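Counted the way the UniProt record's numbering counts, the sequence shown spans residues 37 to 385.
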Amino acid sequence: MDQIVVGILPGDGIGRIIMDQAVRVLKALMEEEIASGHIVLRPINGMTIENRAAKLQSLPDEVFEEIKQCDVLLKGPMVTPRAGDLWPNLVSANSLLRRGLELFAAVRPIRIPEKNIDWTFFRENIEGEYIWGNKGIQVNEDLAVDFKVQTRQGSERIARAAFEFARKNGKKNVTIVTKANIVKLADGNFIKAVRKVGEEYPEIEIQERLVDAMCAKMLDPEFNKGIEVIVLPNLYGDIVTDVAAEHQGGLGTASSSNLGNKYAMFEAIHGTAPYLISHGRGEYADPCSLIRAVGMLLAHIGYGDRKKKLDDALDICTITERKVVLTTMPEDASTKEFTDYVIETLEKI
Ligand code: IPM
Ligand code: MN
Numbered sequence: 037m038d039q040i041v042v043g044i045l046p047g048d049g050i051g052r053i054i055m056d057q058a059v060r061v062l063k064a065l066m067e068e069e070i071a072s073g074h075i076v077l078r079p080i081n082g083m084t085i086e087n088r089a090a091k092l093q094s095l096p097d098e099v100f101e102e103i104k105q106c107d108v109l110l111k112g113p114m115v116t117p118r119a120g121d122l123w124p125n126l127v128s129a130n131s132l133l134r135r136g137l138e139l140f141a142a143v144r145p146i147r148i149p150e151k152n153i154d155w156t157f158f159r160e161n162i163e164g165e166y167i168w169g170n171k172g173i174q175v176n177e178d179l180a181v182d183f184k185v186q187t188r189q190g191s192e193r194i195a196r197a198a199f200e201f202a203r204k205n206g207k208k209n210v211t212i213v214t215k216a217n218i219v220k221l222a223d224g225n226f227i228k229a230v231r232k233v234g235e236e237y238p239e240i241e242i243q244e245r246l247v248d249a250m251c252a253k254m255l256d257p258e259f260n261k262g263i264e265v266i267v268l269p270n271l272y273g274d275i276v277t278d279v280a281a282e283h284q285g286g287l288g289t290a291s292s293s294n295l296g297n298k299y300a301m302f303e304a305i306h307g308t309a310p311y312l313i314s315h316g317r318g319e320y321a322d323p324c325s326l327i328r329a330v331g332m333l334l335a336h337i338g339y340g341d342r343k344k345k346l347d348d349a350l351d352i353c354t355i356t357e358r359k360v361v362l363t364t365m366p367e368d369a370s371t372k373e374f375t376d377y378v379i380e381t382l383e384k385i
């Protein structure tokens, strides 16, 4: 590609705060490529909750057109109104973007070195309970029905993504996480599809876990023995990756690729943190999630060396040297101060 257009979608709440800092890091790492015009950063400003609510559209048509002109996207968290909120009928912009761009694989790494954990989750990203913007049926006041939809094709393609990753990275195991003892059809078929694709990867062992046990026992070395790559339906992937992120160091440390055959979007796995905003602590949000997403984006467009450099700098800033302490409390480093430290560290390595 002669020119790579990176769409920047700041999102809502702490999204805007951490995005400012993530973009500073991106600019620091790619100074030359941006100056030469090889990489273009293009702000997409229409995806704010204010604009979406004014238009009563979660993904306004003209904004989606702008988004499709980009090659890759860096995205901050966006408010997803829930029942009882203002605009409860607005469906999730996150889901619409994933579905609209056919980003069927959410790839979420979790590393907990002291527990010997280095996992990569492959969350199916557009089916399950998230299908059709999750529009269920309120049959009557007493009866609500939501859908869970799982197709063979959708299951096979996330499975293939997981096995390909395992093969390329010398991983020996793919673990399927479901609730197939209860959700017999959708999850049963998911397992069947993953096992079928797995036949093409005979060197990779397949094992299964149930989602409730996975959440409860993920740190138990007997239970998690051999787990390296995990493939799971959409909603379980949502929940299990949050649990795993908490063990890694907090939701603010975890990032996600959203990959399809044409587009790719990189983001933090957490939400907009209204609690931090309403308590005046938004400026203390952990930006590591979105900064690591910058690294993933760079690796995706061919700059694996910069991702490595950034990961090394973040490890220095959060583990080995750790000269500033980042929490959400005002006595510790702010989002900006922590990012200053990351950029200074990048300059030194
Ligand atoms: C995530 C988020 C989203 C999801 C929300 C914001 C729609 O929690 O990326 O994990 O449920 O997928
Ligand atoms: Mn989530």
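No residue lacks a Cβ here, since even glycine has one placed at the ideal position from N, Cα and C.
Note that this is a predicted model, so its numbers are computed, not measured.
An exposed status is given to Ile-173, since fewer than 16 other beta-carbon atoms sit within 10 Å of its beta-carbon. In the three-state scheme derived from DSSP, where H, G and I count as helix and E and B as strand, Val-76 is classed as strand. Spanning the alpha carbons of Val-233 and Pro-366 requires a straight line of approximately 50 Å. In the structure shown, Leu-326 falls within a helical segment according to DSSP collapsed to helix, strand and coil. With a threshold of 6 Å, the Cβ atom of Asp-278 counts as near the ligand MN, since some heavy atom of the ligand is closer than that. With distances taken between CA atoms, Ile-40 lies nearest to Met-66 out of Gly-296, Met-66 and Lys-343. Under the Cβ criterion (8 Å, minimum of three pairs), the stretch 252-272 counts as touching the stretch 145-161. Look at Thr-187 here: in three-state DSSP terms it is coil, with no helix or strand label. Between the alpha carbons of Asn-161 and Leu-295 lies a distance of about 9 Å.
Remark: C-beta atoms of Met-332 and Lys-111 do not approach each other more closely than 7 Å. Take Ile-227, set aside five residues on each side of it, and the residues of its chain with a beta-carbon closer than 8 Å to its own are Ile-212, Thr-214, Ala-216 and Glu-244, in chain order. In this structure, the beta-carbon distance from Tyr-311 to Thr-364 does not fall below 7 Å.
Residue Gly-224 holds the alpha-carbon nearest to the alpha-carbon of Leu-246 among Ile-54, Gly-224, Glu-236 and Pro-257. Residue pairing by DSSP places Ala-304 opposite Ser-291 in a beta bridge. Here Asp-348 carries a helix assignment [DSSP, helix/strand/coil]. Residue pairing for Thr-214: DSSP places it in a beta bridge opposite Leu-246. Residue pairing by DSSP places Thr-156 opposite Pro-145 and Val-265 in a beta bridge. Contact check for Ile-146 against Ala-309 fails: the beta carbons are separated by 7 Å or more.
Here Lys-384 is exposed. Its C-beta has fewer than 16 other C-beta atoms within 10 Å. Inclusion of Gly-164 and Cys-106 in the CB contact set at 7 Å is not warranted, their separation being larger than that value. Contact check for Asn-209 against Glu-239 fails: the beta carbons are separated by 7 Å or more. Lys-111 carries a strand assignment under DSSP once its states are collapsed to helix, strand and coil. Take Pro-46, set aside five residues on each side of it, and the residues of its chain with a beta-carbon closer than 7 Å to its own are Arg-52, Met-55 and Gly-112, in chain order. In this structure, the CA atom of Ala-304 is about 30 Å from the CA atom of Val-181.
By a beta-carbon distance limit of 8 Å, Asp-48 contacts Met-114. Their separation comes to about 5 Å. In the three-state DSSP reduction, Leu-179 falls in the strand class (E or B). DSSP assignment within the stretch 40-84 yields the following whole beta strand (DSSP E) runs of 3 residues or more, N-terminal first: 40-45 and 75-79.
Between Tyr-237 and Leu-137, the C-beta spacing is not below 7 Å. Assignment of Asn-161 by DSSP, reduced to helix, strand and coil, places it in the coil class.
Taking the C-beta atoms as reference points, Ala-58 is found nearer than 7 Å to Leu-326.
Remark: C-beta atoms of Ala-197 and Ala-280 do not approach each other more closely than 7 Å. For Asp-274, the CB falls within less than 6 Å of some heavy atom of the ligand MN.
Assignment of Asn-225 by DSSP, reduced to helix, strand and coil, places it in the helix class. Between Leu-133 and the set Gly-316, Asp-38, Phe-100 and Leu-122, the nearest pair of CA atoms involves Phe-100.
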